[in-house]
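These notes concern the structure reproduced below.
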Amino acid sequence: MDTPAYYLTSFSPNTLGNISLEISKSRLGKTEFKVLVSSGKTWSDTPLFVENPELLFNVRQKWAHARHVWTDSSDEEVAYEDNKDNQHKLVVTTAMGRERRDALVAAWCLKLWHDTSESSRAKRDHMERLTPPEEVLLKGGMRSMKNIGALGSLAGLG
């Protein structure tokens, strides 16, 4: 199995195992996540993941601008995300053992990492880091490049 883009490795063999985040799009274009566990695997194992990892949780957005709901492999809700006042919270709605709860919170942190690194701001910052310094100094960086591109497209229409 290839190494996933977003994953966690377990330090201790007393946890559920290594966790990976599988990202897909729903039919409505919303990002969905599957939290997969490679039971018994730790950071020291090679490979880190099994060929057919077990589904631990699904994460779906219920409605537009609604919170994400976390369900288990039986599609029963176990938690939901709340983001009031720019404060991220995971509200656990089901009793579960410590190992499973630890895996849930770790997977939520991994999803937050994904959301942050895939945000439009992070992508813009990355593009600006790729812009040569002389471009930033001489022409004002990416913002000027966008303005030049917009003016060029208008000129093409005229």
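Residue numbering for the sequence shown follows this note's numbering, beginning at 3 and increasing consecutively.
The C-beta atom is built at its ideal place from N, Cα and C for all residues, glycine as well.
Item: Quick one, which of E24, W115 and H70 has its alpha-carbon nearest T5's?; Value: E24
Item: Tell me the DSSP bridge mates of E120?; Value: None; E120 has no bridge partner.
Item: Kindly give me the distance between the Cβ atoms of V93 and L106, rounded to whole angstroms, as I take these residues to be in contact under 8 Å.; Value: Their Cβ separation, rounded to whole angstroms, is 11 Å, which puts V93 and L106 out of contact at 8 Å.
Item: Between the C-alpha atoms of T48 and D87, what's the straight-line distance to the nearest angstrom?; Value: 42 Å
Item: Return the chain-ordered ranges of every beta strand (DSSP E) run that is complete within the segment 33–84 and spans a minimum of 3 residues.; Value: 33–41, 56–63 and 70–74
Item: Taking only three categories from DSSP, how would you classify L92?; Value: strand
Item: Looking at the structure shown, is L30 part of a helix, part of a strand, or coil, going by DSSP?; Value: coil
Item: Note down the Cα distance separating P15 from A108, rounded to an integer number of angstroms.; Value: 16 Å
Item: Using the C-alpha atoms, what's the distance from N60 back to D84?; Value: 16 Å
Item: Pop quiz: E79 and V71 are said to be a contact at Cβ under 8 Å. What is the actual Cβ separation, rounded to whole angstroms?; Value: 6 Å
Item: If you draw a straight line from the C-alpha of F13 to the C-alpha of S41, how long is it?; Value: 13 Å
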